[in-house]
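In UniProt numbering, the protein residues as written are 1 to 602.
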Amino acid sequence: MATLIPAYSTCAARMTSGEKRLAQRLEAKLEDDYLLWYDVPVGPANLHPDFIVFNPRRGILVLEVKDWKLDTLQAMDRDHATLVTADGVKQVLNPLEQARHYAHAVADLLKRDPQLTFSSGREQGNLYFPWGYGVVLANITRKQFDATDLGEVIAPHRVICRDEMEEGVDAEAFQQRLWAMFPFSRSTALSLPQIDRIRWHLFPEIRINAPLQGKLFADPDVADIPDIVRVMDLQQEQLARSLGEGHRVIHGVAGSGKTLILGYRAEHLAQVCQKPILVLCYNRTLAHRLAQVMAAKGLAGKVLVHTFHQWCRAQLVAYNAGLPEKGNEKDGDQSAYFAAMVERVIGGVDRGLIPGGQYDAVLIDEGHDFEPAWLKLVTQMVNPDTNSLLVLYDDAQDIYARGKKQKFSFKSVGIQAQGRTTILKINYRNTHEILQLAASFAKDLLQPASATANGAADEDGVPRLAPISGGRHGPEPQVIRLPTIKDEAEHIADRLKAAHQTGIPWNDMAVIYHDYAKVGKAVMDVLAAKRIPYTFHKKATFAPDEHTVKVLTMHSCKGLEFPLVAIPGVGIMEQEDEKRDEYARLLYVAMTRATQELVVAG
1 MATLIPAYST
11 CAARMTSGEK
21 RLAQRLEAKL
31 EDDYLLWYDV
41 PVGPANLHPD
51 FIVFNPRRGI
61 LVLEVKDWKL
71 DTLQAMDRDH
81 ATLVTADGVK
91 QVLNPLEQAR
101 HYAHAVADLL
111 KRDPQLTFSS
121 GREQGNLYFP
131 WGYGVVLANI
141 TRKQFDATDL
151 GEVIAPHRVI
161 CRDEMEEGVD
171 AEAFQQRLWA
181 MFPFSRSTAL
191 SLPQIDRIRW
201 HLFPEIRINA
211 PLQGKLFADP
221 DVADIPDIVR
231 VMDLQQEQLA
241 RSLGEGHRVI
251 HGVAGSGKTL
261 ILGYRAEHLA
271 QVCQKPILVL
281 CYNRTLAHRL
291 AQVMAAKGLA
301 GKVLVHTFHQ
311 WCRAQLVAYN
321 AGLPEKGNEK
331 DGDQSAYFAA
341 MVERVIGGVD
351 RGLIPGGQYD
361 AVLIDEGHDF
371 EPAWLKLVTQ
381 MVNPDTNSLL
391 VLYDDAQDIY
401 ARGKKQKFSF
411 KSVGIQAQGR
421 TTILKINYRN
431 THEILQLAAS
441 FAKDLLQPAS
451 ATANGAADED
461 GVPRLAPISG
471 GRHGPEPQVI
481 RLPTIKDEAE
491 HIADRLKAAH
501 QTGIPWNDMA
511 VIYHDYAKVG
521 KAVMDVLAAK
531 RIPYTFHKKA
541 TFAPDEHTVK
551 VLTMHSCKGL
561 EFPLVAIPGV
571 GIMEQEDEKR
581 DEYARLLYVA
591 MTRATQELVV
601 AG
C-alpha cells in the first residue's frame, strides 16, 4: 500500500469526488515503496499540483485531476478549455498544460542539484531518473474520450479515464496507465540519500537544520545546496501534514523530532488562523530557543512563545486579577509564589475574569513537565471554533518530581485525543553510540510500559517508550574519571578548544551540569581563564550571532541539541544514592542533547 501525505482521513474533506477516488486507487493499487503527495506546495514558488507520485525505481509523476463531464466541456484546445458552469461560461487552462507546467517546474528545480543529474555525456545536466505528467478525467470514460476529438489536445497515453480507475480495476493495468506517461523506464533504484535530496528540494518546509531558517524558502543557487541534506522522515512528514483539527497528543522519545513537528505546525497555523497561536513550555531556555526559531521564520507577531509561568503572570496583569505577594523564600526558591500565581489564574478563569478561548491554537512542548492542573487550565484557552491543541510528551524526560503520573490521563484534564494519539520511537538526534550510553544510565526508566490510566491499556494514558536508534554512527562517547572538578573543567575546556581549532563553531558546543556551587561555577571560572567565550543559560538568546559555548543546567537544556556536549560532575551525582532515579532522568536528558560527540566526566 502506497503512503499518502497528508493522510487520506485528514485531507479527504477538501478533495473533489474524483480526487478521492484517485487517492484511494493510488493507495490500494501501488506498492509500499510509492510515495504520494496531495495538494502539497512544491518548491520555492509554492506550486500546488493535485498529486505527485514518486517511486525510487520509476521516477516522478505529476497528475492533475478534473471532475469534468462531456456535457459541461464546451471546447478545448492545446492551451485552454471552455466550461459551462453554474456561474456561466468559463475559460481555464488545459489540464495537460497545467500538469506539464508543474512537472517542468519540478524537473528544473531538481536539475540544479549535481547529485541528481548526469555529469557528462549526451545527457549531461539532465535528471537520471524519469519524470512525467498526465491528466485524470474522473467522469469521462475511455470510450467517451475516444469518441471525441479530445485526443488531439490531450495525448491519449497521458490520460486516465473514469473506467480505468474503478475499484475493481486490475492493479497491473492501472499501473501501466501511469507508466505510459513516462518518457523512459529505469531499472536501478535511487538511493536513500538521493530520495532525501529530492524531498529536500521539493518541500523546503521539511528541511532540518537548513542554513539560517530565514533563508529556508529562498531560491537556492547550486552553490547553496549542502552536500549532506536532512529532512523529516516519512512518518514525521505525514504526521506534520496530517494533524488536522482537534486535540492531538504526540508521545515521542528524545530526539524523535517532536519540536520539529511543533515548528511546522505553528508555521502552518499562522497562515490560516485569525487569533494568535500560543506556544508554551516549562523552562526559560527552551522558550528562548523556540521564540528565536519562530522569529527566524517570520512568525513572531502571530506565534507567541512563553514559559507557562510567564504566561500566567501576563494573564494576571492583563486582566487586573492581581499578582500574589512575594514571600521570603529561602535560596531564591519561588515555587510557592509560582503556585499561588497559577491558583489565581485558575480562579480568574473559573470566575470569568480571565476569558477562555483566547487562542486559535495552543501548542505545548515538553508537556510531561506540566502538572495536570496546568494542562486543564491551558486547554480552556483554545478557541472552541478551531479546537486546535497539540501536546508533545515523553514520560522518560519528566525531570520534575510532582507525583502526577500514577493515575494521570489526558481525558481527565479535558484533552480529547482518543484516535489522535501518535507514538514516535525512533531517535534521530543522537548517534547510536551516544544513545547506548544514555540508555545505560537510565535503564529502568526506559523499560517500555503500556499507556495506562486506570490499570488497563489505554491510548489516553501515558506510555513509557524505549528509544530506537536511527542508525547513525559516530565516535564513542568519552567517559573520563579525574580527581577534582577543576581537573574535569580543565579537560573539558581543552577539549572544546581543540574542537574549535578543527572548525567546530563555539555555538555548536554546550557544557551541561547539575549543581552550580559544586560544578557550574568551577567550570565557568576555567572557561573564562582559558578565554573560551561562553553564555550562561539565563542570558542565552540563541541568536545566530551568539558565537559562544552555552553553559546549561540539566533542567534548562531540555529541547535543545548541540553537536558537542560535555557533562562534568557525574561522579558527585553518583554519590547521592537516594536521588538515583532523579539523577538517571537528568543524565538521560543531558546526554541526549549531543548529536555527534559527548564527553562525560566524573
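Glycine included, every Cβ here is placed at the ideal spot set by N, Cα and C.
Item                                                                                                                              : Value
Three or more C-beta pairs below 8 Å linking the stretch 468-481 and the stretch 501-518                                          : no
Complete runs of the beta strand (DSSP E) confined to the stretch 526-597 [at least 3 residues]                                   : 534-536, 549-553, 562-567
Reference residue 163, options 154, 336, 177, 155, closest by Cα                                                                  : 177
Other residues of its chain near residue 110: CB distance less than 7 Å, five sequence neighbours each side excluded              : 116, 127, 198, 201
Host alpha helix (DSSP H) of residue 374 (start-end)                                                                              : 372-379
Top-ranked residue by Cα proximity to residue 371, from 343, 356, 554                                                             : 343
Closest Cα partner of residue 98 within the set 154, 179, 55                                                                      : 154
Nearest neighbour of residue 40, chosen from 49, 33, 32, 34 [CA to CA]                                                            : 49
Chain-order list of residues whose beta-carbon lies under 7 Å from that of residue 311 (same chain, five-residue window excluded) : 280
At least three beta-carbon pairs within less than 8 Å, the stretch 390-399 to the stretch 242-250                                 : yes
Which of helix, strand or coil DSSP assigns to residue 170                                                                        : coil
Sheet register partners of residue 421 (DSSP bridge)                                                                              : 249
Residue 60 versus residue 591: straight-line alpha-carbon distance, rounded                                                       : 41 Å
Extent of the continuous beta strand (DSSP E) run through residue 11                                                              : First-last for residue 11: 8-11, but that is the alpha helix (DSSP H), not the beta strand (DSSP E).
Neighbour-count burial assignment, residue 1, 16 or more Cβ in a 10 Å radius                                                      : exposed
6 Å Cβ shell around residue 37 - same chain, five flanking residues per side excluded                                             : 5, 52
Inter-residue spacing [alpha-carbon to alpha-carbon] between residue 367 and residue 394                                          : 8 Å
Rounded straight-line distance, which links the Cα of residue 228 to that of residue 75                                           : 49 Å
Three-state secondary structure (DSSP) of residue 427                                                                             : strand
Residues near residue 356 by beta carbon distance below 7 Å, same chain, minus five either side                                   : 349, 380, 381
Residue interval of the alpha helix (DSSP H) (run including residue 502)                                                          : Per DSSP, residue 502 belongs to no alpha helix (DSSP H) and is neither H nor E.
Stretch pair the stretch 407-417 + the stretch 563-580: three plus CB contacts closer than 8 Å                                    : no
Sequence-distant residues of its chain with Cβ nearer than 6 Å to residue 133 (five each side left out)                           : 62, 99, 100, 103
Those residues which DSSP pairs with residue 59 across a bridge                                                                   : 55
The stretch 463-474 in contact with the stretch 498-505 per 3-pair CB rule at 8 Å                                                 : no
Spatially closest choice to residue 67 from 135, 489, 114, 487, by CA coordinates                                                 : 135
Other residues of its chain near residue 261: CB distance less than 7 Å, five sequence neighbours each side excluded              : 236, 239, 240, 250
Rounded distance between the beta-carbons of residue 429 and residue 254, thought under 8 Å                                       : 7 Å
Alpha-carbon to alpha-carbon, residue 422 and residue 217                                                                         : Note that residue 217 scores a pLDDT of 32, beneath 50, so its modelled location is shaky and nothing firm can be said.
Residue 322 versus residue 288 - alpha carbon distance                                                                            : 26 Å
Which of helix, strand or coil DSSP assigns to residue 147                                                                        : coil
Alpha-carbon spacing of residue 494 relative to residue 560, whole angstroms                                                      : 23 Å
Span of the alpha helix (DSSP H), counted from its first residue to its last, around residue 131                                  : Run containing residue 131: none in the alpha helix (DSSP H); it sits in the beta strand (DSSP E), 131-137.
Which of helix, strand or coil DSSP assigns to residue 353                                                                        : coil
Paired residues, beta bridge with residue 480 - DSSP                                                                              : 601
Proximity below 9 Å, CB of residue 179 to CB of residue 58                                                                        : yes
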